[in-house]
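Student: In terms of our numbering, the numbers along the sequence shown are unbroken and rise by one, the last being 140. Virtual Cβ for every residue (Gly too), placed ideally from N, Cα, C. Keep in mind it's a predicted model, so treat the numbers as computed, not measured.
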Amino acid sequence: HPSLSPLYANLSHMPPALVTVGTADPLQDDSLFFASKYSAYGNHVELAIYEGGEHGIGHFGVQEDEEMGVRARRHTLEFM
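1. I need the boundaries of the alpha helix (DSSP H) containing Thr-136, first residue and last residue.
2. Determine the extent of the alpha helix (DSSP H) in which Tyr-110 is found, giving its start and end residues.
3. By the DSSP assignment, the alpha helix (DSSP H) with Ala-95 in it spans what residues?
4. If the criterion is Cβ atoms closer than 7 Å, does the pair Thr-83 and Ala-132 meet it?
5. Just to confirm my understanding: we take Pro-86, look at its own chain, exclude 5 residues before and 5 after, and list those with CB closer than 8 Å. What are they?
6. Going by Cα to Cα distance, which pick from Ala-100, Ala-108, Phe-94, Pro-66 is closest to Gly-138?
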């Protein structure tokens, strides 16, 4: 339902955000849309795109312990 999705929310006055997505993630388009909308509301957003990365890159799944997953997880921890 649209009213439950952050893609359609009022994103005014939000804290800085890191959007991490892989190019093999089926939700890549939603992630890019969200990052764009977050920025359009005047918020700081950092977008990290990992070539060939799957959904959850760096946090769970097959690629978690691969070099790309470790790099994505490190980036997340540094952002926090």
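Tutor: Quick look at the numbers:
1. 127-139
2. Looking at the DSSP string, Tyr-110 is not in any alpha helix (DSSP H); the run it does join, the beta strand (DSSP E), is 105-110.
3. Per DSSP, Ala-95 belongs to the alpha helix (DSSP H) from 88-100.
4. For the 7 Å CB-CB criterion, Thr-83 and Ala-132 do not form a contact.
5. Cβ contact annotation for Pro-86 (same chain, cutoff 8 Å, sequence separation greater than five): His-115, in chain order.
6. Residue 138 is actually Glu in this sequence, not Gly. Relative to Glu-138, the option among Ala-100, Ala-108, Phe-94, Pro-66 whose CA is nearest is Ala-108.
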